[in-house]
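Only one structure is covered here, and it is reproduced in the block below.
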Amino acid sequence: MSGRGSLLGRSAWHITSLIQIEGVNTVEEVDWYLGKRIAYVYKAKTKKNGTLYRAIWGRVTRPHGSSGVVRAKFKKKNLAPSSLGGRVRVFTYPSRI
Numbered sequence: 314m315s316g317r318g319s320l321l322g323r324s325a326w327h328i329t330s331l332i333q334i335e336g337v338n339t340v341e342e343v344d345w346y347l348g349k350r351i352a353y354v355y356k357a358k359t360k361k362n363g364t365l366y367r368a369i370w371g372r373v374t375r376p377h378g379s380s381g382v383v384r385a386k387f388k389k390k391n392l393a394p395s396s397l398g399g400r401v402r403v404f405t406y407p408s409r410i
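Counting in this note's numbering, the sequence shown runs from 314 upward without gaps.
If you want it as structure tokens, here you go:
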């Protein structure tokens with residue numbers, strides 16, 4: 314299962330990105346998403362492993378402000394400037410229930 318979110322921008326640290334998750338409007342609602350996985354899926358020009366689509370994986374680390382925006386850290390590489398304003402997928406694992 315997954316939800317959707319929008320990539321708003323970066324913080325001062327270029328590894329950390331700001332993401333608005335759909336349906337999340339308060340800090341209390343953000344608490345459930347802490348530690349969940351995020352994927353930024355994009356389309357490349359050349360095939361790799363039989364597909365044109367690739368993903369950069371990250372994790373929700375903490376809230377940002379009081380309006381439901383979260384900070385996410387992406388592991389292997391930083392997101393390109395063209396990704397700002399793009400969509401991300403928020404997965405519902407790992408579960409803490």
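Every residue gets a Cβ at the ideal spot worked out from N, C-alpha and C, and that includes glycine.
Beyond the five residues adjoining it in sequence on each side, R384 comes within less than 8 Å, by CB distance, of S324, T329, S330, L331, I332, V373, T374, R375, P376, H377 in the same chain, given in chain order. In this model, E335 and K390 are separated by some 25 Å (Cα to Cα). Straight through space, the alpha carbons of V354 and S395 are spaced by roughly 13 Å.
Note that the C-beta distance between V382 and A352 is not below 9 Å. Pairing L365 with W345, the inter-Cα distance amounts to about 33 Å.
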